[in-house]
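The structure appears right after this line, and notes come after that.
Protein chains: 4
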Amino acid sequence: MNTPIGVAVIGAGYWGPNLVRNFMGAEAFHLRWLCDLDLGRARKVLGRYSTVGATDDLETVLADDGVQAVAIATPAGTHLDVALAALRAGKHVLVEKPLAATYADGLKLVEEAESRGLQLMCDHTYCYTPAVSRIRDALHSGELGELHYLDSVRINLGLVQRDIDVMWDLAPHDLSILDFVLPDGVVPVAVSAHGADPINAGRACVAYLTLQLNTGAIAHLHVNWLSPIKVRTTIIGGSKRTLVWDDLNPTQRVAVYDRGVDVAAPEELGDEARRAMQVSYRSGDMVAPALVEREALGAMVGQFATAIRTGEPSLTDGRSGLRVLAILEAASKSLAQNGAIVEVAQ
Amino acid sequence: MNTPIGVAVIGAGYWGPNLVRNFMGAEAFHLRWLCDLDLGRARKVLGRYSTVGATDDLETVLADDGVQAVAIATPAGTHLDVALAALRAGKHVLVEKPLAATYADGLKLVEEAESRGLQLMCDHTYCYTPAVSRIRDALHSGELGELHYLDSVRINLGLVQRDIDVMWDLAPHDLSILDFVLPDGVVPVAVSAHGADPINAGRACVAYLTLQLNTGAIAHLHVNWLSPIKVRTTIIGGSKRTLVWDDLNPTQRVAVYDRGVDVAAPEELGDEARRAMQVSYRSGDMVAPALVEREALGAMVGQFATAIRTGEPSLTDGRSGLRVLAILEAASKSLAQNGAIVEVAQ
Amino acid sequence: MNTPIGVAVIGAGYWGPNLVRNFMGAEAFHLRWLCDLDLGRARKVLGRYSTVGATDDLETVLADDGVQAVAIATPAGTHLDVALAALRAGKHVLVEKPLAATYADGLKLVEEAESRGLQLMCDHTYCYTPAVSRIRDALHSGELGELHYLDSVRINLGLVQRDIDVMWDLAPHDLSILDFVLPDGVVPVAVSAHGADPINAGRACVAYLTLQLNTGAIAHLHVNWLSPIKVRTTIIGGSKRTLVWDDLNPTQRVAVYDRGVDVAAPEELGDEARRAMQVSYRSGDMVAPALVEREALGAMVGQFATAIRTGEPSLTDGRSGLRVLAILEAASKSLAQNGAIVEVAQ
Amino acid sequence: MNTPIGVAVIGAGYWGPNLVRNFMGAEAFHLRWLCDLDLGRARKVLGRYSTVGATDDLETVLADDGVQAVAIATPAGTHLDVALAALRAGKHVLVEKPLAATYADGLKLVEEAESRGLQLMCDHTYCYTPAVSRIRDALHSGELGELHYLDSVRINLGLVQRDIDVMWDLAPHDLSILDFVLPDGVVPVAVSAHGADPINAGRACVAYLTLQLNTGAIAHLHVNWLSPIKVRTTIIGGSKRTLVWDDLNPTQRVAVYDRGVDVAAPEELGDEARRAMQVSYRSGDMVAPALVEREALGAMVGQFATAIRTGEPSLTDGRSGLRVLAILEAASKSLAQNGAIVEVAQ
């Protein structure tokens with residue numbers, strides 16, 4: 005057994021407590037600090053029975069030689085400063101999504117980490133769920149065939165954020181999942197975004213993103229803070245099978261349908277000839293694979309430990325966070341231009 | 005009791021049999037003919053026990069003085085010719101959606117009917133369902149407040165049409181509903197459409213339409229022939245309440261949620277000041293109003309009779325069909341321009 | 005092609021119109037009469053365009069040599085008289101469930117039919133659905149292993165019948181299905197029934213039946229006229245797999261779960277020793293087999309024709325109707341005795 | 005602010021950790037010990053960062069003067085000994101369901117606590133959920149009218165217990181809820197239980213309980229360890245409205261239906277006359293009341309503190325636990341007698 009990795013959590017707001025709980029439960033880590041500008045909040049999160057240190061002073065944390073890694077759950081606008089300070093103090097860094105407030109900021113972090121040989125990992129939590137893991141397998145193994153379309157709906161009566169719009173709040177989940185599950189060589193190349201702010205909140209509360217992939221496939225995201233009903237469903241249509249992920253259906257999160265439409269024509273025919281052929285319909289069984297229920301955050305924290313120990317980048321490293329930022333920036337540009345198609349920086 | 009109106013149904017394909025059944029069940033009508041180029045098909049629809057006439061000759065039907073009205077359920081591309089012939093023969097006309105293959109064609113029909121004082125009605129069947137009727141009431145009465153957004157999903161493993169894309173096949177339903185339920189003065193002004201043809205069918209099989217309304221509200225439609233699961237859900241977000249219509253949930257098709265987000269600030273404040281105020285969240289009850297189950301087509305047929313008898317235009321007259329065509333044409337233009345915003349002709 | 009079998013439908017009430025429609029749609033039959041004591045009702049069902057004869061005189065129907073078969077959809081209390089008259093007139097007979105009002109009456113019909121070499125068939129419609137057909141296969145083929153338990157819920161806001169209680173109204177569905185799907189040699193041997201009449205309707209409106217099978221398995225039915233929600237779900241637990249049939253979920257009516265509990269012990273050990281062993285849990289995939297949607301009544305009508313043509317008893321012959329009556333009578337006896345266990349006559 | 009009440013949790017198995025977490029989160033308590041015969045297990049539950057004491061010695065806990073209350077989450081068979089020891093040491097006691105292994109044992113505990121003026125409370129957790137609280141209100145306020153029937157289904161692929169059957173494992177939930185929600189004066193008077201052990205586990209794994217209430221109403225419970233699907237639905241039919249509680253539907257746990265059957269006859273008519281009258285059907289709206297999501301265990305722990313502070317019995321005191329035991333014992337007797345009706349001791 006290795007010595008546990010000393011870790012500190014920065015930020016005791018919405019997400020911080022989840023990190024605290026999971027680092028405390030992970031044998032690979034020793035949680036030394038919970039740091040928040042609001043010391044009382046940090047103390048409240050730790051509770052009255054904890055031996056973990058509470059502090060409001062980041063310097064203290066970064067000066068602690070026992071701390072080898074830092075997990076940052078502060079507002080996106082502060083990620084650059086906090087993460088940069090941590091990297092410069094020689095700490096491995098885990099950052100909440102989005103990696104940073106801009107692509108340029110994210111790039112600074114990636115380059116700083118790479119130049120120092122430190123881990124920079126994004127907490128793209130969904131990528132560590134059994135469901136998303138199964139989706140990745142289904143796309144990588146060829147079970148679904150070629151990706152035809154991906155349609156994701158993530159709507160809820162959500163907290164209207166003060167600093168970011170609904171796209172920057174919710175779409176990072178879907179974009180990080182997309183980044184995670186796409187087979188090698190399949191990438192989004194352009195994006196169009198439409199949004200609305202019907203409650204006059206000062207930022208989009210409803211948004212639709214359409215992504216064009218380099219293969220001709222289409223991905224579409226619906227994110228919405230104003231829906232009274234909660235929906236978290238993604239349909240992943242493939243040439244062979246289609247997978248439906250309903251994250252709110254715990255007993256059947258993933259369903260793989262052998263149903264679809266085929267163009268029944270030999271490949272060697274020209275397009276015109278193929279279209280003239282009859283299309284045919286598959287109407288086969290549906291399989292809902294058994295998935296082991298586990299807390300995704302626990303698996304994510306485990307990956308962080310592995311990355312630190314081995315020096316290998318994690319599956320959701322800084323580069324993946326950068327790719328998500330590239331799409332978000334393009335989407336924001338499109339939104340400002342009334343939905344114009346904007347290319348995604350590669 | 006009035007003498008029944010003599011009626012003929014043209015087209016014995018997918019929808020024709022439904023019209024036949026409903027005209028036969030309506031006291032106000034006397035069904036005299038079912039006409040189809042394929043006489044065997046017409047005979048098969050009527051069955052071995054019927055006294056209704058089958059024919060493959062439209063002229064015979066139009067020459068029959070006992071026929072006062074004609075219902076057309078032929079492919080969209082033929083609507084202009086068949087309907088024009090019927091109008092010119094002095095018959096009232098009911099047409100399947102879409103009214104015609106182009107806006108220009110539709111306009112010809114509307115003008116012909118108006119100049120002759122004949123009814124031209126679109127079979128926008130959904131508008132005659134209790135659910136859509138309830139939605140119209142909810143928007144017109146102010147129960148929902150101002151419309152904030154409308155999001156509709158109509159997906160299924162659908163028949164890939166040979167002559168039209170998924171947008172022209174399925175979106176007429178949603179667009180006719182939208183036209184029907186919007187309060188006076190609220191209209192779509194521009195549209196952006198994205199689509200994909202991943203199975204190489206020669207036309208879009210997946211499409212997303214974003215409509216901008218003149219009030220700043222947004223409407224978004226997702227239509228899809230390739231989905232293994234069937235979804236028919238529309239969310240209508242209002243400033244006071246939000247209505248969810250799930251047409252596949254027969255015991256709870258319509259649900260009205262008193263849940264939402266409010267900007268808790270006096271109207272007289274400027275936007276900047278209002279944004280600084282706290283938003284607040286309503287989390288009230290949901291009410292699923294009792295709806296009488298009835299076949300929409302029966303109600304539609306009844307409306308047709310009423311329009312003929314009274315000379316008043318029906319709720320889904322030719323003009324409403326034209327408005328739907330205007331949006332479809334703009335959407336097709338946008339689709340061809342990779343999602344560019346296209347204004348809707350008023 | 006054989007000459008169509010001349011058929012008459014007796015009873016134009018709730019179910020009769022469905023029989024009329026299906027006989028009219030079946031090539032194997034020629035529908036000659038619809039007979040009802042209320043001639044106006046019969047005429048209304050046939051409509052204004054039909055060449056089928058309407059009559060209120062059963063004698064006329066039975067005297068018609070062109071009528072070879074009669075389908076009876078009158079109240080249960082009249083089945084004996086009507087069916088007996090039909091059989092004595094040499095007609096094959098199809099009877100709505102339940103076969104008759106008592107076991108003794110049912111037996112008379114069965115014996116009359118058998119002595120005359122005529123078909124007596126029960127319209128156990130559910131047995132002709134793809135779902136129940138699939139269930140039968142799953143139990144007969146060994147896919148589910150041995151039957152452990154069957155739990156059925158059939159509740160709704162139902163019409164309170166004037167002549168029969170909820171058990172006689174709804175349980176025939178479940179009992180005929182049970183009779184249909186059980187493997188050879190597995191039979192109900194005793195029943196206990198509990199009920200309540202909370203609205204003071206004069207008969208049980210809520211009832212629970214517990215059936216003991218000769219194998220030690222248990223079957224339980226919940227039938228209820230007073231539920232505001234509609235549920236039609238049957239769970240069929242087997243030693244290898246468990247099948248769930250949700251008849252209100254058209255896209256996933258049948259689901260086969262490879263989930264369950266096993267006692268992980270060699271068969272040769274005694275019970276005591278086996279219990280001491282650890283139980284283990286299977287948590288495998290679920291498969292929802294593709295089922296062809298078709299109208300069950302059409303398949304039932306087809307079976308009736310086949311039985312008449314071949315002289316072979318149908319899958320739901322009079323004997324199966326008798327077995328259902330045997331259980332219903334035992335259940336009524338139990339209900340009257342406050343739930344006492346009552347043996348089922350074999 | 006009062007001084008926190010010193011508390012110890014006994015038992016670190018399945019439920020203990022939940023108690024630990026909730027006592028740690030409650031300001032009214034100071035958690036001093038977690039005690040388990042398996043010291044390692046206790047330590048593991050507390051984790052590496054806790055200042056709470058772990059011990060395997062109950063005597064140490066009971067001898068600690070700082071401990072005023074003890075929460076017992078050990079197997080049912082040990083409740084008598086542990087709780088009795090705690091009461092005799094002058095501690096208030098909270099016990100997991102069921103209160104004890106037998107009615108006689110439970111009675112000993114109740115009498116011991118009452119004679120000493122100590123609180124004895126049952127952790128009937130569900131009674132502290134917003135849903136059950138709403139149900140109690142609906143029955144007590146008359147919103148539902150008189151109770152007609154209650155139907156509860158609690159099935160799952162559950163852990164086959166080594167010491168108790170499925171009835172003693174799961175039915176205490178439903179019976180404690182029933183005890184909690186019934187209006188004053190409405191009580192179960194007799195029970196019939198049917199069960200099966202198809203996997204040869206040595207105890208019933210599937211069971212059905214039918215309860216007769218003194219008002220003529222019926223309550224029915226289905227508990228099952230062998231179901232691959234999880235269902236937790238209770239229907240509470242009343243003379244005015246019917247409430248459906250689906251605990252697995254977080255966004256619509258409670259729904260109140262204004263749907264039902266009425267016998268439309270003046271009360272002064274005799275039964276015979278009323279039955280002759282037409283029944284009528286209500287088909288009104290459904291309302292899903294907004295419920296505040298909160299952890300029930302937190303509310304339960306708060307009630308325990310209040311009871312200790314005020315000396316007033318809690319809503320789920322020892323007497324309520326006894327009433328549940330009375331029904332369970334009668335049900336076991338019925339099960340052994342093949343479903344015979346057994347009176348419930350009052």
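Chains as they are written, first to last, in my numbering: chain A, 5 to 350; chain B, 5 to 350; chain C, 5 to 350; chain D, 5 to 350. Glycine residues also receive a C-beta, built at the ideal position from the N, C-alpha and C atoms.
Chain-ordered chain C contacts of residue i [CB-CB under 8 Å]
i, result
"Leu230 (chain D)", "His152, Tyr153, Gly241, Thr246, Gly264 and Val265"
Interface residues of chain B facing residue i [CB-CB closer than 7 Å]
i, result
"Ser394 (chain D)", "With chain D covering only 5 through 350, there is no way to say anything about residue 394 (chain D)."
One or two residues paired with residue i in a DSSP bridge
i, result
"Thr353 (chain A)", "Only positions 5 to 350 of chain A appear in the structure, and residue 353 (chain A) is not among them; the question remains open."
"Ala58 (chain B)", "B:Leu38"
"Ser338 (chain B)", "Answer by DSSP bridge pairing: none, since Ser338 (chain B) is not bridged."
"Tyr285 (chain C)", "C:Val265"
"Pro192 (chain A)", "A:Leu217"
"Asn228 (chain A)", "A:Ile159 and A:Val210"
"Thr131 (chain C)", "Before going further, note that residue 131 (chain C) is Cys rather than Thr in the sequence given. Looking at the DSSP assignment, Cys131 (chain C) forms no beta bridge with any residue, so it has no partner."
"His96 (chain A)", "A:Ala73"
"Ala12 (chain A)", "A:Trp37 and A:Val74"
Assigned exposure category for residue i - 16 Cβ within 10 Å defines buried
i, result
"Val11 (chain D)", "buried"
"Ser318 (chain A)", "buried"
"Asn26 (chain A)", "buried"
"Gln350 (chain B)", "exposed"
"Gly288 (chain C)", "exposed"
"Arg278 (chain C)", "Residue confidence for Arg278 (chain C) is low, a pLDDT of 49 falling below 50, so the modelled location carries little weight; the figure read from the coordinates is stated next. Buried."
"Ser119 (chain C)", "exposed"
"Tyr132 (chain D)", "buried"
Contact set between residue i and chain A, taken where Cβ atoms lie within less than 8 Å
i, result
"Thr214 (chain B)", "His198, Tyr212 and Gly343"
"Gln256 (chain C)", "Met290"
Cβ-Cβ distance between residue i and residue j below 8 Å
i, j, result
"Val170 (chain C)", "Ala77 (chain C)", "no"
"Gly242 (chain D)", "Glu115 (chain D)", "no"
"Ser231 (chain D)", "Ile159 (chain D)", "yes"
"Ala292 (chain A)", "Val346 (chain A)", "no"
"Val283 (chain A)", "Val164 (chain B)", "yes"
"Lys41 (chain C)", "Asp60 (chain C)", "Before going further, note that residue 41 (chain C) is Leu rather than Lys in the sequence given. Contact: yes."
Residues that residue i contacts on chain D, provided the C-beta gap is smaller than 7 Å
i, result
"Val283 (chain C)", "Val164 and Ala205"
Under 9 Å by beta carbon: chain D residues contacting residue i
i, result
"Thr59 (chain A)", "None at all; the shortest Cβ gap to chain D is about 16 Å."
"Ile233 (chain A)", "Thr255"
"Ile222 (chain C)", "His198, Gly199, Ala200, Pro202, Val210 and Tyr212"
Within chain B, partners of residue i - CB distance below 8 Å
i, result
"Leu35 (chain C)", "Tyr53"
Partners in chain A for residue i, counting only beta-carbon separations shorter than 9 Å
i, result
"Val56 (chain D)", "Tyr53"
Chain G contact residues for residue i, given Cβ-Cβ distances below 9 Å
i, result
"Met28 (chain A)", "Any reference to chain G falls outside this structure, whose protein chains are A, B, C and D."
Contact list for residue i against chain D, beta-carbon separation under 8 Å
i, result
"Leu161 (chain C)", "Arg263, Gly264, Val265, Tyr285 and Ser287"
Q: Take every Cβ of the stretch 321 to 339 of chain A, pair it with every Cβ of the stretch 163 to 176 of chain A, and state whether three or more of those distances are shorter than 8 Å.
A: yes
(Q) Tell me whether the stretch 330 to 347 of chain A and the stretch 127 to 146 of chain A touch, counting them as touching only if at least three CB pairs, one residue from each stretch, are closer than 8 Å. (A) no
(Q) With three or more C-beta pairs closer than 8 Å as the rule, is the stretch 303 to 316 of chain B touching the stretch 17 to 36 of chain B? (A) yes
Q. Would you call the stretch 190 to 199 of chain A and the stretch 117 to 126 of chain A touching, i.e. three or more CB-CB distances under 8 Å?
A. no
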